[in-house]
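Participant: Below you will find the structure I want to go over with you.
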Amino acid sequence: MAEAAGDGDGRAAHDGATAADEACPNARELALLHQWHALHTGVRRLNDGLLADVEQQAGLAPSSFQALLFLMTAPGQAAPMNQLSQALGFSTAGTTKVVDRLAEAGLVERRPSAADRRVIFTALTPGGARSVLAASRSLAGAVRSRVVEPLGEDVFASLAAAVGSLDPEPDACG
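Here's what the structure looks like:
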């Protein structure tokens with residue numbers, strides 16, 4: 001029985017490609033992957049640096065700031081715990097830990113839902129609103145100095161619009 005043309009294991013080679021060609025990205029794919037890695041790594045490091053600036057200037061840990069910032073923009077400055085977990089990408093246990101720390105600091109409070117006794121809302125306290133406002137101003141200053149000034153306002157606006165257009169789950173309110 002004749003073996004199919006290919007790499008010797010019975011699989012046919014496609015369009016004259018060798019097994020090594022099929023196992024490795026081509027030059028265009030490699031360039032694309034390098035660009036993606038640079039974008040992903042750069043954005044992650046930038047975000048880490050921005051959150052470190054907020055922590056240093058406003059005294060809020062990154063996870064605490066992210067939770068407070070989400071609550072600041074939520075309707076009534078409150079959200080169910082599961083919605084907070086989902087928005088932050090934290091596990092239920094992780095969210096509970098963050099909310100416990102924030103509640104102990106007097107920055108949030110837990111409230112039962114009026115519609116469903118099983119649902120607990122996390123709500124900003126006046127102190128939490130003041131803290132997140134100060135931290136937001138720190139973040140805005142850090143974004144200005146680390147991103148807007150080096151890129152220029154027009155490039156920053158274009159970049160933000162381009163990346164925002166790729167969001168698979170855009171914000172329904174804005």
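Be aware that the sequence shown starts at 1, since it is given in UniProt numbering, and climbs by one per residue. All residues carry an ideal CB built from backbone N, CA and C; glycine is no exception.
With the cut-off set at 8 Å, would you say L84 and T122 are in Cβ contact?
Facilitator: Yes, the pair counts as a contact, with Cβ atoms nearer than the cut-off.
Participant: Going by other Cβ atoms of all chains shown within 10 Å of its Cβ, with 16 needed for buried, is L166 buried or exposed?
Facilitator: Exposed: under 16 other Cβ atoms inside 10 Å.
Participant: Does the structure place the stretch 38 to 50 close enough to the stretch 69 to 89 that three or more beta carbon pairs sit under 8 Å?
Facilitator: Too few Cβ pairs lie closer than 8 Å, so no.
Participant: Less than 8 Å between the beta carbons of L50 and R146, yes or no?
Facilitator: Yes, they are a contact pair.
Participant: Cα-Cα, which of E29, G106 and E22 is closest to R130?
Facilitator: Nearest option by C-alpha distance: G106.
Participant: Using the Cα positions of D7 and A31, report the straight-line distance between them to the nearest angstrom.
Facilitator: Note that D7 scores a pLDDT of 47, beneath 50, so its modelled location is shaky; the value from the coordinates is reported in the next line. Cα to Cα, D7 sits roughly 27 Å from A31.
Participant: Helix or strand or just coil, what does DSSP make of R118?
Facilitator: DSSP places R118 in coil when its eight states are reduced to three.
Participant: Is there contact here, the stretch 147 to 158 with the stretch 63 to 72, by at least three beta-carbon pairs under 8 Å?
Facilitator: Judged by Cβ distances under 8 Å, the stretch 147 to 158 makes no contact with the stretch 63 to 72, as fewer than three pairs qualify.
Participant: Taking all protein chains shown into account, do 16 or more other C-beta atoms lie within 10 angstroms of the C-beta of Q56, making it buried, or fewer, making it exposed?
Facilitator: Classification of Q56: exposed, given that the 10 Å Cβ count is below 16.
Participant: Taking the alpha carbon of D53 as the reference point, which residue from A134, A160 and V108 has its own alpha carbon closest?
Facilitator: Considering only alpha carbons, the answer is A134.
Participant: Step through the CB atoms of chain D and report whether any lies within less than 8 Å of the CB of A162.
Facilitator: Here chain D cannot be found, since the structure has a single protein chain.
Participant: Which one of A157, L139 and A161 has the shortest CA to CA distance from D48?
Facilitator: Selected option, being the one with the closest Cα: L139.
Participant: What's the call for S64, buried or exposed, on a 16-neighbour Cβ count within 10 Å?
Facilitator: Looking at its Cβ environment, which holds 16 or more other Cβ atoms inside 10 Å, S64 is buried.
Participant: Counting along the chain, where does the alpha helix (DSSP H) carrying P168 start and finish?
Facilitator: Premise fails: P168 is in no alpha helix (DSSP H) and is neither H nor E.
Participant: Compute the Euclidean distance between the alpha carbons of A157 and T95, then round it to the nearest angstrom.
Facilitator: Taking the straight line from one Cα to the other gives about 32 Å.
Participant: Pull up the distance between the alpha-carbon of A13 and that of W36, whole angstroms please.
Facilitator: Confidence at A13 is low in this model, with a pLDDT of 49, below 50, so its placement is unreliable and no value can be given for it.
Participant: So which of R117, E169 and L60 has the shortest CA-CA distance to V99?
Facilitator: The shortest C-alpha separation from V99 is found at L60.
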